[in-house]
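These notes concern the structure reproduced below.
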Amino acid sequence: MTTEGKNFVADHINELKPSGIRRFFDLASKMENVISLGVGEPDFVTPWNVIEASYHSLERGYTSYTANAGLLELRQEISKFLSESFQVEYNPESQVLVTVGASQAIDVAFRAIINPGDEVIIVEPSFVAYVPAVRLAGGEPVIVEATQENQFRVQAHQIEAAITPKTKAILICSPNNPTGAVLSKEEMEAIATVVKKHNILVLSDEIYADLTYDEAFTSFAAIEGMAEHTILISGFSKAFAMTGWRLGYATGPKEIIQAMTKIHQYTIMCAPTMAQHGALEALRNGMDSVKEMRVSYRQRRNFVVKALREMGLECHLPGGAFYVFPSIEKTGLTSSEFAEQLLQEQRVAVVPGDVFGDSGRGYIRCSYASSMKQLDQAMKRMDKFVQSKI
Amino acid sequence: MCINEKWVNDLEKKELELLKLLEKNGRLEVETISKMIDLTVDQTKEMMEKLENECAILGYSTLVNWAKVLQYEGVTAMIDVKVTPTRGAGFDKIAERIYRFPEVKALYLMSGAYDLSVSVEGKTMMEISRFVSDKLSTLDTVVSTTTHFVLKKYKHDGIIFEEPDEQDKRMMVSP
Chain C
5 MTTEGKNFVA DHINELKPSG IRRFFDLASK MENVISLGVG EPDFVTPWNV
55 IEASYHSLER GYTSYTANAG LLELRQEISK FLSESFQVEY NPESQVLVTV
105 GASQAIDVAF RAIINPGDEV IIVEPSFVAY VPAVRLAGGE PVIVEATQEN
155 QFRVQAHQIE AAITPKTKAI LICSPNNPTG AVLSKEEMEA IATVVKKHNI
205 LVLSDEIYAD LTYDEAFTSF AAIEGMAEHT ILISGFSKAF AMTGWRLGYA
255 TGPKEIIQAM TKIHQYTIMC APTMAQHGAL EALRNGMDSV KEMRVSYRQR
305 RNFVVKALRE MGLECHLPGG AFYVFPSIEK TGLTSSEFAE QLLQEQRVAV
355 VPGDVFGDSG RGYIRCSYAS SMKQLDQAMK RMDKFVQSKI
Chain E
1260 MCINEKWVND LEKKELELLK LLEKNGRLEV ETISKMIDLT VDQTKEMMEK
1310 LENECAILGY STLVNWAKVL QYEGVTAMID VKVTPTRGAG FDKIAERIYR
1360 FPEVKALYLM SGAYDLSVSV EGKTMMEISR FVSDKLSTLD TVVSTTTHFV
1410 LKKYKHDGII FEEPDEQDKR MMVSP
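As they're listed, the protein sequences go chains C and E.
Taking my numbering, I'd label the letters of the first sequence as residues 5 to 394.
Taking my numbering, I'd label the letters of the second sequence as residues 1260 to 1434.
Structural data, given as structure tokens:
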């Protein structure tokens, strides 16, 4: 907005690039009969017992604020869950912060640790919010590219090469959005060695931890000596199909979580109370639903990867999350051209890979969190499209 | 249902996956199923045949909401039956006498206040009352019957009968 030539918006916000996903969303949402594989959230509705527990909390009048860090009961349950599932130990009184989605946890974490000019290493392709979150906190994002030759798993030496005296932290998301790649335990240990050697932090976005299909998940915080170097970020959105509830959490070293809680207290007060009550039920009685959803995602992953390979596209087998990231190089099209033409000609929406960073060029992200009926139809339409381009 | 992943071996796990998929949708194509459970088409067909031979798969039926079919008028009743079990055969013999009637759609042996739960379908209430008075209650071992007529079906075999709300409420593209 300008008045008499004066621009009221702060310079660093003006400089922030709008997300490439936005433009594509505008394009797709104007069309009819589109099958969308562009959705970054589960196709399941939140399990009924969770919805019911949240209703019940409202009926009983639990409508006031909670403690800044979240309901103590919920923090205890989160701590227990992390201990039982991933063998990481956090004190619910001082090392757990309940946030408004994992996104807020990331924002608060960066704000808590970044001094002006500090560098944060971001592994791309990645979720679109990381780079802006670093910039908003006054930091300098440094990009490291995970490539197909390593099935999109970043290697320790790549990280080490990017470290400078200004490096404060590295953000890693495994299982990854958009590639679905999952780091192996050995790869994580190698990264941990680099992190400890240079005495930096890992922000480990483990939002897809419960959605791994081939191997048990390892948390960065569970690797020897890493608890002191890890801010673990997770939430309820993906595993429990609770995206709209906006509920996540961060755990980590006491002084960092306390610093994050300070920011949280002044900016948000606390996460929504009814969502916290729902989350409590999710952790207490929701794991069977997670198991069922995991089986269903795995089946759909298998189906989509095979269908894409059959149509001639190169596609690694992603170990987690609900995305596949095939190469579309064979078609001779760029990611954006492919996505746009596929939408125009066959009415299937996918997300161009370069939205997630330059290293996503030549790839597209397809989410398989859609019904089998839709996936089947989408793969048939895509096949027609790909055959017409090769 | 909880599957103990430790003792179920891989192939048995795939059988379970196959059965659950087919139970939900008997019309899934073999090509699709095979991709989903990571087997070849032939392996999947073989597995289905094996399960059919073992009578683990008894048939592939369609769940029809008859209330939607205008010219079809039908009534369903659930009948609680108390019987005297016979020496040697227990409840099985009397159960067989009952389930052989084509109008009996389901029959269960129950714990609690009565013994057999009989689900019966007929064209009219008259037809069902005739079945109860003429056929069921006249059987030797039947002590008493209590008939409940179904007024409306909301959910059957895990499937909700109301108009499904299939609209995808998610935004079309999101990060």
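We put the beta carbon where it would ideally sit given N, CA and C, even for glycine.
Being a predicted model, the structure only gives us computed values, none of them experimental.
Three or more beta-carbon pairs separated by less than 8 Å are not found between the region 218 to 234 of chain C and the region 60 to 70 of chain C, which leaves the two stretches without contact.
Cβ-Cβ distances below 7 Å link Tyr1319 of chain E to Gly1285 in the same chain, with the five nearest sequence neighbours on each side left out; the list follows chain order. Cβ proximity to chain E below 8 Å picks out Phe28, Phe29, Ala32, Ser33, Val38, Ser40, Gly42, Val43, Gly44, Glu45, Asp47 from the region 28 to 58 of chain C. In the structure shown, Glu296 of chain C adopts helical secondary structure according to DSSP, grouped into three states.
Secondary structure of Ile147 of chain C (DSSP, three-state): strand. Note that the region 239 to 258 of chain C touches the region 45 to 55 of chain C; at least 3 beta-carbon pairs, one per stretch, sit closer than 8 Å.
E:Lys1414 is the residue among E:Lys1414, E:Pro1434, E:Glu1425, E:Gln1426 whose C-alpha sits nearest the C-alpha of Ala1326 of chain E.
Looking only at C:Ile267, C:Ile118, C:Val138, the smallest Cα-Cα distance to Val127 of chain C is reached by C:Val138.
Chain E has a Cβ within less than 9 Å of the Cβ of Asp380 of chain C.
The beta-bridge partner set that DSSP reports for Met1337 of chain E consists of E:Ser1378, E:His1407.
Close to chain C, meaning a Cβ-Cβ distance shorter than 8 Å, are the following residues of the region 1409 to 1434 of chain E: Asp1427, Arg1429, Met1430, Met1431, Val1432, Ser1433, Pro1434. When the five nearest sequence neighbours on each side are left out, the beta carbons in the same chain lying within less than 6 Å of the beta carbon of Ala311 of chain C are those of Met383, in order along the chain.
The bridge partners DSSP lists for Ser40 of chain C are C:Ala353. The shortest C-alpha to C-alpha distance from Pro322 of chain C to any of C:Gln152, C:Trp249, C:Val124, C:Gly143 is the one to C:Gln152. With fewer than 16 other Cβ atoms from the protein chains shown falling within 10 Å of its own Cβ, His161 of chain C counts as exposed. Per DSSP, Leu207 of chain C is one residue of the beta strand (DSSP E) stretching across 205 to 209. Under DSSP, Asn180 of chain C shares a beta bridge with no residue.
In the displayed model, Asn11 of chain C falls within a strand according to three-state DSSP. A Cβ-Cβ distance of about 6 Å is found for the pair Val1402 of chain E and Thr1343 of chain E, placing them in contact under the 8 Å criterion. Cβ atoms of Ala1354 of chain E and Leu1366 of chain E come within 8 Å of each other, at about 6 Å. Out of C:Phe329, C:Ser375, C:Leu379, the CA that lies nearest to the CA of Arg365 of chain C is found in C:Phe329.
Leu236 of chain C is positioned such that its CB atom lies no closer than 9 Å to that of Leu78 of chain C.
The three-state secondary structure of Thr222 of chain C, taken from DSSP, is coil.
DSSP places Val309 of chain C in the helix class (H, G or I) of the three-state scheme.
Close to Asn306 of chain C, with beta-carbon spacing below 9 Å, are these residues of chain E in chain order: Lys1294, Met1295, Ile1296, Asp1297. Contact between the region 341 to 360 of chain C and the region 372 to 379 of chain C is absent: fewer than three C-beta pairs spanning the two stretches fall below 8 Å. By the CB criterion at 9 Å, Gly143 of chain C and Lys189 of chain C fall outside the cutoff.
For Glu1276 of chain E, the nearest CB of chain C lies under 9 Å from its own CB, placing it at the interface with that chain.
Distance from the CA of Gln269 of chain C to the CA of Gln80 of chain C, rounded to the nearest whole angstrom, comes to 19 Å.
Put simply, the backbone Cα of Thr277 of chain C is about 7 Å away from that of Ser68 of chain C. Look at the region 219 to 238 of chain C: it has no residue with a C-beta under 8 Å from a C-beta of chain E. Three or more beta-carbon pairs drawn from the region 201 to 220 of chain C and the region 176 to 186 of chain C are found closer than 8 Å, and the two stretches are therefore classed as touching.
Contact check for Pro1434 of chain E against Asn181 of chain C passes: the beta carbons are separated by less than 9 Å. Residue contact with chain C for Leu1270 of chain E: absent (no Cβ-Cβ distance below 9 Å to any residue of chain C).
One alpha carbon belongs to Tyr94 of chain C, the other to Asp1351 of chain E, and they sit about 57 Å apart.
Close CB contacts of Asp292 of chain C within its chain, under the 8 Å cut and outside five residues either way in sequence, are absent.
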